[in-house]
Amino acid sequence: MAIATQNADSAPHEHSAARYYLIYFVLLVLTATTYWTARHVHFGSWNLAIALAIAVTKATLVVLFFMHLIDHKGTAAMVFAASVFFVLLLSGLVVTDNATRFPLSNPPEATPELKRNQLPPPPTGADDTWRSGSSGI
Amino acid sequence: MHTQREGQPYLADHFGSLESQIDASRLGMWMFLGTEVLLFGPLFTAYALYRFLYPAAFQAASHHLDIAYGTINTLILITSSLTVAMAVHFAKVGKNKRVVAMIVLSLLAGFAFLGIKSVEYAHKFHEGALPGKYYALEAVKEPGASLFFAIYFLATGVHALHVIIGMSVLVWIGWRAARNTISPEYYVPVELGGMYWHLVDLIWIFLYPLLYLI
Chain X
0 MAIATQNADS APHEHSAARY YLIYFVLLVL TATTYWTARH VHFGSWNLAI
50 ALAIAVTKAT LVVLFFMHLI DHKGTAAMVF AASVFFVLLL SGLVVTDNAT
100 RFPLSNPPEA TPELKRNQLP PPPTGADDTW RSGSSGI
Chain V
0 MHTQREGQPY LADHFGSLES QIDASRLGMW MFLGTEVLLF GPLFTAYALY
50 RFLYPAAFQA ASHHLDIAYG TINTLILITS SLTVAMAVHF AKVGKNKRVV
100 AMIVLSLLAG FAFLGIKSVE YAHKFHEGAL PGKYYALEAV KEPGASLFFA
150 IYFLATGVHA LHVIIGMSVL VWIGWRAARN TISPEYYVPV ELGGMYWHLV
200 DLIWIFLYPL LYLI
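Here the protein sequences line up with chains X and V, keeping their order. Here numbering that gives the first Met the number 0 is used: the first residue of the first sequence is 0, the next is one more, and so on. Here numbering that gives the first Met the number 0 is used: the first residue of the second sequence is 0, the next is one more, and so on.
Put into structure tokens, the structure is as follows:
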């Protein structure tokens with residue numbers, strides 16, 4: 000039967016176990032790197048970017064080689080990438096929303112560099128002139 | 000229950016071949032793992048938003064966590080990911096005794112992780128680093144610090160729940176390997192259960208730097 004002959008091909012070719020030890024070693028090195036940079040390197044807000052870049056690298060290695068996404072069909076990658084994309088969309092838009100609001104609507108420490116004289120002028124009509132309709136505009 | 004075709008004990012009736020059956024199993028698992036990512040997504044979003052709003056408080060609260068606990072737990076989880084990957088490897092080549100050995104090692108790592116986590120939780124409870132109105136930590140008093148600990152407990156708590164579920168799945172895999180109900184022709188349970196465990200590691204890879212390091 001034709002179906003039976005397909006079984007030989009069904010299991011992806013098994014790589015030697017050395018691949019897993021190599022990935023493990025790289026993960027350990029990356030963990031040491033992220034620990035070291037967080038403790039001893041002070042780039043200010045760049046530290047967050049470095050830590051996240053290392054985390055993304057580690058996660059990619061785990062997904063591709065430990066979870067074997069690299070051996071699986073393309074639809075699997077599409078499904079997983081879609082969920083990651085939506086998480087990025089959610090978190091990215093939520094933060095962007097708050098970052099682009101009128102500064103005083105956020106807690107003061109969110110914009111510590113902001114001086115009071117750099118604030119944009121309050122919206123016109125903040126006084127009561129609009130009520131009487133006597134605005135000169 | 001499905002009927003079994005002659006010579007193909009693992010092949011369900013509604014699949015044309017074992018290959019398409021295994022591909023469908025994998026795709027289903029990736030879909031499930033996608034929903035797991037979406038489950039953790041809002042927790043990471045809450046972290047991103049409140050970190051943006053209260054950067055100083057988040058930094059102070061993060062420095063208050065014991066970095067040693069987080070780092071050791073990271074190493075434990077990465078090591079358990081290796082042993083689970085090796086379990087899948089041995090299942091592929093038909094060495095079921097070694098599959099059991101690797102599963103036992105992974106379970107030990109899971110217990111170690113949860114043990115360290117509970118020591119850490121007990122410490123936090125004791126000093127009052129609790130979420131919401133129960134927050135009473137003397138060392139960090141900035142507004143917003145209680146939000147950090149609320150996210151800390153929610154994210155690590157949901158993650159620890161996944162560790163427990165993952166360990167239960169590993170027990171089941173080990174049981175099947177010990178009884179030789181998996182073989183190089185069909186090791187899908189080991190593979191999918193292993194993927195779940197790797198996802199647990201994956202979430203922690205992001206929690207570790209965000210909570211402990213920065």
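Even glycine gets a Cβ: it sits at the ideal position worked out from N, Cα and C.
Chain X residues whose Cβ lies nearer than 7 Å to that of A55/V:
As a working mapping, residue 55/V is identified with position 56 in the second sequence. Neighbours of A55/V on chain X, chain order: E108.
Residue span of the alpha helix (DSSP H) that contains F89/V, given as start and end
Counted from its first residue, the second sequence places residue 89/V at position 90. Taken as a continuous stretch (DSSP letters only), the alpha helix (DSSP H) holding F89/V covers I66 to K91.
DSSP on L201/V, reduced to helix/strand/coil?
In the second sequence, the residue the question calls residue 201/V occupies position 202. Helix, per DSSP.
Cβ-Cβ distance between V25/X and L60/X below 8 Å
One-based indexing of the first sequence puts residue 25/X at position 26. One-based indexing of the first sequence puts residue 60/X at position 61. Contact flag set, yes.
Can you tell me where the alpha helix (DSSP H) holding I172/V begins and where it ends?
Your numbering for residue 172/V matches position 173 in the second sequence. Unbroken alpha helix (DSSP H) run through I172/V: A144 to A177.
Given M166/V, which residues of its chain have a CB within under 7 Å of its CB, disregarding the five upstream and five downstream residues?
Within the second sequence, the letter at position 167 stands for residue 166/V. Closer than 7 Å at the Cβ level, and outside the excluded window around M166/V, lie L106 and G109.
Please tell me whether A75/X has its Cβ less than 8 Å away from any Cβ of chain V.
Residue numbering aside, residue 75/X sits at position 76 when the first sequence is read from its first letter. It does: the Cβ of A75/X has a partner Cβ on chain V nearer than 8 Å.
What separation, rounded to the nearest whole angstrom, lies between the Cα atoms of A76/X and L63/X?
By 1-based counting over the first sequence, the position of residue 76/X is 77. By 1-based counting over the first sequence, the position of residue 63/X is 64. Approximately 9 Å between the Cα atoms of the pair.
DSSP state of Y211/V, grouped into three classes?
On the second sequence, residue 211/V is found 212 positions in, with the first residue counted as 1. Y211/V falls in the helix class under three-state DSSP.
Coarse secondary structure for Y186/V, derived from DSSP in three states
Locating residue 186/V in the second sequence gives position 187, counting from the first residue. The answer is coil: DSSP assigns Y186/V none of H, G, I, E or B.
Start and end residues, alpha helix (DSSP H) containing M66/X
Your numbering for residue 66/X matches position 67 in the first sequence. Neither: M66/X is in no alpha helix (DSSP H) and is coded neither H nor E.
Output needed for F152/V: all residues of its chain with C-beta closer than 6 Å, excluding positions within five of it in sequence on either side, in chain order.
Position 153 of the second sequence holds residue 152/V. Closer than 6 Å at Cβ, skipping near neighbours: P130.
Could you name the residues of chain V that V62/X contacts, counting a contact when the two beta carbons are closer than 8 Å?
Counting from 1 along the first sequence, the entry for residue 62/X is found at position 63. Under the 8 Å cutoff, chain V gives H197 and L201.
Residue-chain proximity (H161/V, chain X), Cβ-Cβ < 8 Å
Here residue 161/V refers to the residue found at position 162 when the second sequence is read from its first residue. No, no contact with chain X.
Mind checking the stretch 69-88 of chain V against chain X and listing, in chain order, the residues whose C-beta falls within less than 7 Å of any C-beta there?
T70, T73, L74, I77, S80, L81, A84, M85 and H88
Residue range of the unbroken alpha helix (DSSP H) whose run includes E126/V
For this step, residue 126/V is matched to residue 127 along the second sequence. Note, E126/V: alpha helix (DSSP H), N95 to E126.
Please identify the residue among A177/V, R175/V and L37/V whose C-alpha is closest to the C-alpha of S82/X.
Residue numbering aside, residue 82/X sits at position 83 when the first sequence is read from its first letter. Comparing Cα positions, the closest option is L37/V.
Spatial neighbours of Y185/V in its chain, beta-carbon cut-off 7 Å, leaving aside the 5 residues before and after
Here residue 185/V refers to the residue found at position 186 when the second sequence is read from its first residue. Once the five neighbours on either side are set aside, the close Cβ partners of Y185/V are Y9.
Can the beta-carbon of G143/V be found less than 8 Å from the beta-carbon of Y134/V?
Numbered from its first residue, the second sequence carries residue 143/V at position 144. Numbered from its first residue, the second sequence carries residue 134/V at position 135. In this structure, Y134/V does not lie closer than 8 Å to G143/V by Cβ.
Under 9 Å Cβ-Cβ, which residues of chain X neighbour V189/V?
One-based indexing of the second sequence puts residue 189/V at position 190. Going along chain X, no residue has its Cβ under 9 Å from V189/V, so there is no contact; the nearest lies around 12 Å.
Quick check on the burial criterion: 16 or more other C-beta atoms within 10 angstroms. Buried or exposed for S15/X?
If you number the first sequence from 1, residue 15/X lands on position 16. With fewer than 16 other Cβ atoms within 10 Å, it is exposed.
For T99/X, which residues in chain V fall below 8 Å Cβ to Cβ?
Position 100 of the first sequence, counting from 1, holds the residue named residue 99/X. Here the premise fails: no neighbours, minimum Cβ distance about 11 Å.
Can a CB atom of chain X be found closer than 8 Å to the CB of T155/V?
What you label residue 155/V is simply residue 156 of the second sequence in a count that begins at 1. Not one chain X Cβ lies under 8 Å of T155/V.
Along the alpha helix (DSSP H) that carries H62/V, what are the first and last residues, could you check?
What you label residue 62/V is simply residue 63 of the second sequence in a count that begins at 1. P54 to H63 is the span of the alpha helix (DSSP H), which, as asked, contains H62/V.
Following the continuous alpha helix (DSSP H) through V139/V, name the residue where it begins and the one where it ends.
Sequence index remark: in the second sequence, residue 139/V carries index 140 (1-based). Where V139/V is concerned, there is no enclosing alpha helix (DSSP H), given that its DSSP letter is neither H nor E.
Straight-line CA distance for P212/X to Y53/V?
With chain X covering only 0 through 136, there is no way to say anything about residue 212/X.
Contact between the stretch 47-54 of chain X and the stretch 200-211 of chain V: three or more CB pairs below 8 Å?
yes
Can you name the residues of chain X whose CB is closer than 8 Å to the CB of P208/V?
Start at 1 with the first residue of the second sequence, and residue 208/V comes out as number 209. Those within 8 Å of P208/V in chain X are T33, A37, A50, L51, I53 and A54.
By Cβ distance below 8 Å, which residues in the same chain neighbour V40/X in space, the five residues on each side in sequence not counted?
In the first sequence, counting from the first residue as 1, residue 40/X sits at position 41. Around V40/X: N46 and I49.
With a cut-off of 8 Å on the beta carbons, I'd call V189/V and A100/V a contact; round off their distance for me.
In the second sequence, the residue the question calls residue 189/V occupies position 190. In the second sequence, the residue the question calls residue 100/V occupies position 101. Contact flag wrong, Cβ pair sits at about 13 Å.
Taking C-alpha atoms, which residue in M194/V, Q58/V, T73/V and I21/V lies nearest to T155/V?
Working through the second sequence from its first residue, we reach residue 155/V at position 156. Taking only the C-alpha atoms, the option nearest T155/V is T73/V.
One question on the structure: do V162/V and L113/V come within less than 8 Å of each other, judged by their Cβ atoms?
On the second sequence, position 163 is the one that residue 162/V refers to. On the second sequence, position 114 is the one that residue 113/V refers to. Cβ distance < 8 Å, so V162/V and L113/V count as in contact.
Do you know offhand how far D65/V's Cα is from Q58/V's?
By one-based count along the second sequence, residue 65/V stands at place 66. By one-based count along the second sequence, residue 58/V stands at place 59. C-alpha separation (whole angstroms): 13 Å.
Check whether the Cβ atoms of F43/V and V86/X sit closer than 8 Å, and answer yes or no.
Sequence index remark: in the second sequence, residue 43/V carries index 44 (1-based). Sequence index remark: in the first sequence, residue 86/X carries index 87 (1-based). Contact: yes.
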